[in-house]
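Here the sequence shown stands for residues 0 to 229, numbered as in our numbering. Even glycine gets a Cβ: it sits at the ideal position worked out from N, Cα and C.
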Amino acid sequence: MIFRRSRMTLNRFSGRKKPPAVKRQMLRMDSNIKKDLLNLPNLLTMVRIVVIPVVVVLIAMRTPFYCLLAAAFFGLAAISDFFDGYLARRLNLVSMTGKYMDPLADKLMVMAATVQLSAMGWLEAWVPIVLLAREFAVQGLRQIAGAEGMVIAAGTGGKWKTALQLIGLAGLLVHYTYPVTFAGIHVTVNFHLVGWYMLVLSIVFSLVSAGQYFWGFLNAIRDRGSQEAA
(Lines of atoms letter the chains of each structure in order from A and count residues from 1; the text may use other names and numbers.)
(Lines give C-alpha, C1' and ligand atoms only; values in the text may rest on other atoms or scores of the structure.)
Protein backbone atom coordinates (compact mmCIF):
# COMPACT_ATOMS: atom_id res chain seq x y z
CA MET A 1 0.00 0.00 0.00
CA ILE A 2 2.83 2.34 0.89
CA PHE A 3 4.64 1.39 -2.32
CA ARG A 4 1.54 2.08 -4.43
CA ARG A 5 1.01 5.44 -2.76
CA SER A 6 4.66 6.37 -3.39
CA ARG A 7 4.31 5.47 -7.06
CA MET A 8 1.17 7.60 -7.35
CA THR A 9 2.98 10.53 -5.74
CA LEU A 10 5.93 10.08 -8.07
CA ASN A 11 3.65 9.92 -11.11
CA ARG A 12 1.87 13.11 -10.05
CA PHE A 13 5.23 14.84 -9.56
CA SER A 14 6.68 13.69 -12.88
CA GLY A 15 3.47 14.58 -14.69
CA ARG A 16 3.52 18.17 -13.57
CA LYS A 17 3.72 20.69 -16.33
CA LYS A 18 6.89 22.69 -16.64
CA PRO A 19 6.61 26.39 -15.74
CA PRO A 20 6.12 28.71 -18.74
CA ALA A 21 9.53 30.31 -18.17
CA VAL A 22 11.26 26.91 -18.38
CA LYS A 23 9.30 26.03 -21.52
CA ARG A 24 10.28 29.30 -23.17
CA GLN A 25 13.92 28.74 -22.27
CA MET A 26 13.89 25.20 -23.70
CA LEU A 27 12.21 26.39 -26.91
CA ARG A 28 14.76 29.19 -27.21
CA MET A 29 17.63 26.70 -26.82
CA ASP A 30 16.12 24.37 -29.45
CA SER A 31 15.69 27.30 -31.82
CA ASN A 32 19.30 28.44 -31.31
CA ILE A 33 20.69 24.95 -31.93
CA LYS A 34 18.62 24.55 -35.11
CA LYS A 35 19.74 27.99 -36.27
CA ASP A 36 23.38 27.13 -35.57
CA LEU A 37 23.15 23.83 -37.43
CA LEU A 38 21.79 25.53 -40.53
CA ASN A 39 24.41 28.26 -40.85
CA LEU A 40 27.03 27.87 -43.58
CA PRO A 41 30.12 27.01 -41.47
CA ASN A 42 28.30 24.26 -39.56
CA LEU A 43 26.78 22.91 -42.77
CA LEU A 44 30.32 22.52 -44.13
CA THR A 45 31.27 20.69 -40.93
CA MET A 46 28.32 18.33 -41.30
CA VAL A 47 29.30 17.66 -44.92
CA ARG A 48 32.72 16.57 -43.63
CA ILE A 49 31.02 14.08 -41.32
CA VAL A 50 28.81 12.76 -44.14
CA VAL A 51 31.88 12.26 -46.36
CA ILE A 52 33.52 9.91 -43.82
CA PRO A 53 31.54 6.73 -44.71
CA VAL A 54 31.95 7.55 -48.41
CA VAL A 55 35.74 7.55 -48.01
CA VAL A 56 35.64 4.29 -46.03
CA VAL A 57 33.55 2.53 -48.70
CA LEU A 58 35.71 3.80 -51.57
CA ILE A 59 39.01 2.78 -50.00
CA ALA A 60 37.60 -0.68 -49.30
CA MET A 61 37.37 -1.23 -53.10
CA ARG A 62 41.20 -1.52 -53.18
CA THR A 63 41.58 -0.27 -56.77
CA PRO A 64 43.71 2.68 -57.97
CA PHE A 65 40.67 4.57 -59.27
CA TYR A 66 38.59 4.25 -56.10
CA CYS A 67 41.62 5.01 -53.93
CA LEU A 68 42.22 8.22 -55.86
CA LEU A 69 38.53 9.07 -55.49
CA ALA A 70 38.66 8.39 -51.76
CA ALA A 71 41.73 10.62 -51.43
CA ALA A 72 39.96 13.36 -53.42
CA PHE A 73 36.92 13.28 -51.13
CA PHE A 74 39.18 13.21 -48.08
CA GLY A 75 41.22 16.13 -49.41
CA LEU A 76 38.12 18.24 -50.10
CA ALA A 77 36.83 17.51 -46.61
CA ALA A 78 40.19 18.52 -45.13
CA ILE A 79 40.21 21.78 -47.12
CA SER A 80 36.67 22.55 -45.94
CA ASP A 81 38.02 22.39 -42.38
CA PHE A 82 39.87 25.63 -43.07
CA PHE A 83 36.92 27.34 -44.74
CA ASP A 84 34.31 26.59 -42.06
CA GLY A 85 36.46 28.20 -39.36
CA TYR A 86 37.31 31.14 -41.62
CA LEU A 87 33.66 31.72 -42.55
CA ALA A 88 32.52 31.40 -38.94
CA ARG A 89 34.89 34.19 -37.90
CA ARG A 90 34.32 36.29 -41.04
CA LEU A 91 30.52 36.12 -40.85
CA ASN A 92 30.43 36.33 -37.05
CA LEU A 93 28.79 32.90 -36.84
CA VAL A 94 30.99 31.38 -34.15
CA SER A 95 28.77 29.18 -31.96
CA MET A 96 29.07 26.55 -29.23
CA THR A 97 27.59 24.02 -31.66
CA GLY A 98 30.35 24.74 -34.16
CA LYS A 99 33.06 24.65 -31.48
CA TYR A 100 31.88 21.14 -30.57
CA MET A 101 31.26 19.78 -34.07
CA ASP A 102 34.40 21.08 -35.79
CA PRO A 103 37.01 19.15 -33.74
CA LEU A 104 34.64 16.17 -33.61
CA ALA A 105 34.52 16.02 -37.41
CA ASP A 106 38.34 16.17 -37.59
CA LYS A 107 38.74 13.34 -35.10
CA LEU A 108 36.11 11.19 -36.84
CA MET A 109 37.85 11.66 -40.20
CA VAL A 110 41.24 10.65 -38.82
CA MET A 111 39.94 7.73 -36.77
CA ALA A 112 37.76 6.31 -39.56
CA ALA A 113 40.59 6.48 -42.11
CA THR A 114 43.25 4.98 -39.83
CA VAL A 115 41.01 2.17 -38.56
CA GLN A 116 39.92 1.24 -42.10
CA LEU A 117 43.50 1.32 -43.42
CA SER A 118 44.60 -0.83 -40.48
CA ALA A 119 41.78 -3.32 -41.11
CA MET A 120 42.90 -3.59 -44.73
CA GLY A 121 46.51 -4.25 -43.71
CA TRP A 122 47.74 -0.98 -45.25
CA LEU A 123 48.62 0.55 -41.88
CA GLU A 124 50.10 -0.86 -38.68
CA ALA A 125 47.49 -1.52 -35.98
CA TRP A 126 49.38 0.46 -33.33
CA VAL A 127 48.82 3.75 -35.20
CA PRO A 128 45.05 4.13 -34.55
CA ILE A 129 45.61 2.80 -31.01
CA VAL A 130 48.17 5.53 -30.24
CA LEU A 131 46.04 8.24 -31.87
CA LEU A 132 42.89 7.14 -30.03
CA ALA A 133 44.70 6.91 -26.69
CA ARG A 134 46.14 10.39 -27.18
CA GLU A 135 42.76 11.93 -28.05
CA PHE A 136 40.95 10.27 -25.12
CA ALA A 137 43.68 11.31 -22.67
CA VAL A 138 43.75 14.95 -23.80
CA GLN A 139 39.96 15.17 -24.01
CA GLY A 140 39.61 13.79 -20.47
CA LEU A 141 42.16 16.29 -19.22
CA ARG A 142 40.30 19.13 -20.91
CA GLN A 143 37.07 18.11 -19.19
CA ILE A 144 38.79 18.03 -15.80
CA ALA A 145 40.41 21.41 -16.41
CA GLY A 146 37.11 22.91 -17.59
CA ALA A 147 35.26 21.56 -14.55
CA GLU A 148 37.88 23.14 -12.29
CA GLY A 149 37.70 26.46 -14.14
CA MET A 150 41.27 26.24 -15.42
CA VAL A 151 42.17 27.68 -18.82
CA ILE A 152 45.09 25.90 -20.52
CA ALA A 153 46.43 27.38 -23.74
CA ALA A 154 46.85 24.92 -26.58
CA GLY A 155 50.34 24.62 -28.05
CA THR A 156 51.24 25.08 -31.71
CA GLY A 157 52.09 21.38 -31.94
CA GLY A 158 48.40 20.53 -32.20
CA LYS A 159 48.02 22.52 -35.44
CA TRP A 160 51.05 20.86 -37.00
CA LYS A 161 49.74 17.50 -35.87
CA THR A 162 46.40 17.98 -37.60
CA ALA A 163 47.93 19.28 -40.84
CA LEU A 164 50.46 16.44 -41.07
CA GLN A 165 47.81 13.84 -40.22
CA LEU A 166 45.51 14.97 -43.01
CA ILE A 167 48.32 15.15 -45.59
CA GLY A 168 49.72 11.78 -44.52
CA LEU A 169 46.32 10.09 -44.62
CA ALA A 170 45.63 11.50 -48.08
CA GLY A 171 48.86 9.88 -49.28
CA LEU A 172 47.97 6.58 -47.62
CA LEU A 173 44.54 6.65 -49.24
CA VAL A 174 46.10 7.11 -52.69
CA HIS A 175 48.36 4.18 -51.72
CA TYR A 176 49.67 3.27 -55.16
CA THR A 177 52.81 4.42 -56.99
CA TYR A 178 52.35 6.97 -59.78
CA PRO A 179 54.65 8.88 -62.14
CA VAL A 180 54.60 12.57 -61.31
CA THR A 181 55.93 15.50 -63.35
CA PHE A 182 56.89 18.63 -61.42
CA ALA A 183 58.77 21.61 -62.91
CA GLY A 184 59.79 19.48 -65.86
CA ILE A 185 61.18 16.74 -63.62
CA HIS A 186 59.71 13.24 -63.99
CA VAL A 187 59.73 11.13 -60.84
CA THR A 188 57.90 8.06 -59.56
CA VAL A 189 56.20 8.66 -56.23
CA ASN A 190 55.21 5.92 -53.80
CA PHE A 191 52.27 7.70 -52.20
CA HIS A 192 51.87 5.06 -49.51
CA LEU A 193 55.46 5.54 -48.34
CA VAL A 194 55.19 9.34 -48.43
CA GLY A 195 51.91 9.21 -46.51
CA TRP A 196 53.43 6.84 -43.95
CA TYR A 197 56.37 9.12 -43.18
CA MET A 198 54.07 12.14 -42.89
CA LEU A 199 51.76 10.25 -40.53
CA VAL A 200 54.67 9.12 -38.34
CA LEU A 201 55.84 12.73 -38.17
CA SER A 202 52.30 13.77 -37.18
CA ILE A 203 52.36 11.20 -34.36
CA VAL A 204 55.54 12.81 -33.02
CA PHE A 205 53.84 16.23 -33.02
CA SER A 206 50.73 14.62 -31.53
CA LEU A 207 52.64 13.22 -28.55
CA VAL A 208 54.58 16.47 -28.11
CA SER A 209 51.38 18.54 -28.09
CA ALA A 210 49.83 16.11 -25.60
CA GLY A 211 52.90 16.51 -23.38
CA GLN A 212 52.59 20.30 -23.63
CA TYR A 213 48.95 20.13 -22.57
CA PHE A 214 49.72 17.86 -19.61
CA TRP A 215 52.56 20.18 -18.59
CA GLY A 216 50.23 23.17 -18.80
CA PHE A 217 47.70 21.30 -16.67
CA LEU A 218 50.31 20.57 -13.98
CA ASN A 219 51.44 24.21 -14.02
CA ALA A 220 47.83 25.36 -13.63
CA ILE A 221 47.41 23.08 -10.61
CA ARG A 222 50.68 24.37 -9.11
CA ASP A 223 49.67 28.02 -9.64
CA ARG A 224 46.27 27.39 -8.05
CA GLY A 225 47.93 25.75 -5.06
CA SER A 226 50.27 28.73 -4.67
CA GLN A 227 47.37 31.17 -4.80
CA GLU A 228 45.41 29.22 -2.20
CA ALA A 229 48.45 29.01 0.06
CA ALA A 230 48.94 32.77 -0.21
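**Asked** In chain order, what residues of the same chain lie with their CB nearer than 8 Å to the CB of VAL46, ignoring the 5 residues before and after it?
**Response** The residue given as residue 46 occupies position 47 in the sequence shown. Hits under 8 Å: ALA76, SER79.
**Asked** Do you know whose CA, among ASP222, ILE202, CYS66, lies nearest TRP121's CA?
**Response** Translated into the one-based positions of the sequence shown, residue 121 becomes position 122. Of ASP222, ILE202, CYS66, the smallest CA-CA separation from TRP121 is found for CYS66.
**Prompt:** With distances taken between CB atoms, is the gap from PHE72 to VAL55 smaller than 8 Å?
**Reply:** Along the sequence shown, read from residue 1 onward, the residue named residue 72 stands at position 73. Along the sequence shown, read from residue 1 onward, the residue named residue 55 stands at position 56. Cβ atoms of PHE72 and VAL55: not closer than 8 Å.
**Message:** For a minimum of 4 consecutive residues, which ranges assigned as the alpha helix (DSSP H) are wholly contained in the region 167–229?
**Reply:** List check, alpha helix (DSSP H) in window: 190–228.
**Asked** If you run the structure through DSSP and keep just helix, strand and coil, what is GLU134?
**Response** Translated into the one-based positions of the sequence shown, residue 134 becomes position 135. In the three-state DSSP reduction, GLU134 falls in the helix class (H, G or I).
**Asked** In the structure shown, what three-state DSSP assignment does ARG89 receive?
**Response** On the sequence shown, residue 89 is found 90 positions in, with the first residue counted as 1. If DSSP states are grouped into helix, strand and coil, ARG89 belongs with the helices.
**Request:** Could you tell me whether the region 174–181 touches the region 99–108, using the rule of 3 or more Cβ pairs below 8 Å?
**Result:** Segments in contact, no.
**Asked** Once you ignore the five residues that flank TYR212 on each side, which residues in its own chain have a CB closer than 6 Å to its CB?
**Response** As a working note, residue 212 is residue 213 in the sequence shown. Taking TYR212 as the centre and dropping the five residues before and after it, the same chain places the C-beta of VAL137 closer than 6 Å to its C-beta, in chain order.
**Prompt:** Going by C-alpha distance, which of LEU171, GLN164, ALA112 is nearest PHE204?
**Reply:** Locating residue 204 in the sequence shown gives position 205, where the first residue counts as 1. Shortest Cα-Cα distance from PHE204 to any of LEU171, GLN164, ALA112 involves GLN164.
**Prompt:** In whole angstroms, what is the alpha-carbon distance linking MET25 and ALA124?
**Reply:** Taking the sequence shown and counting its residues from 1, the one referred to as residue 25 is at position 26. Taking the sequence shown and counting its residues from 1, the one referred to as residue 124 is at position 125. Bear in mind that a pLDDT of 48 at MET25, under 50, signals an unreliable position, so the model cannot answer this.
**Asked** So is the beta-carbon of ILE184 under 7 Å away from any non-hydrogen atom of the ligand PLP?
**Response** Looking at this structure, you won't find the ligand PLP or any other ligand, since it has none at all.
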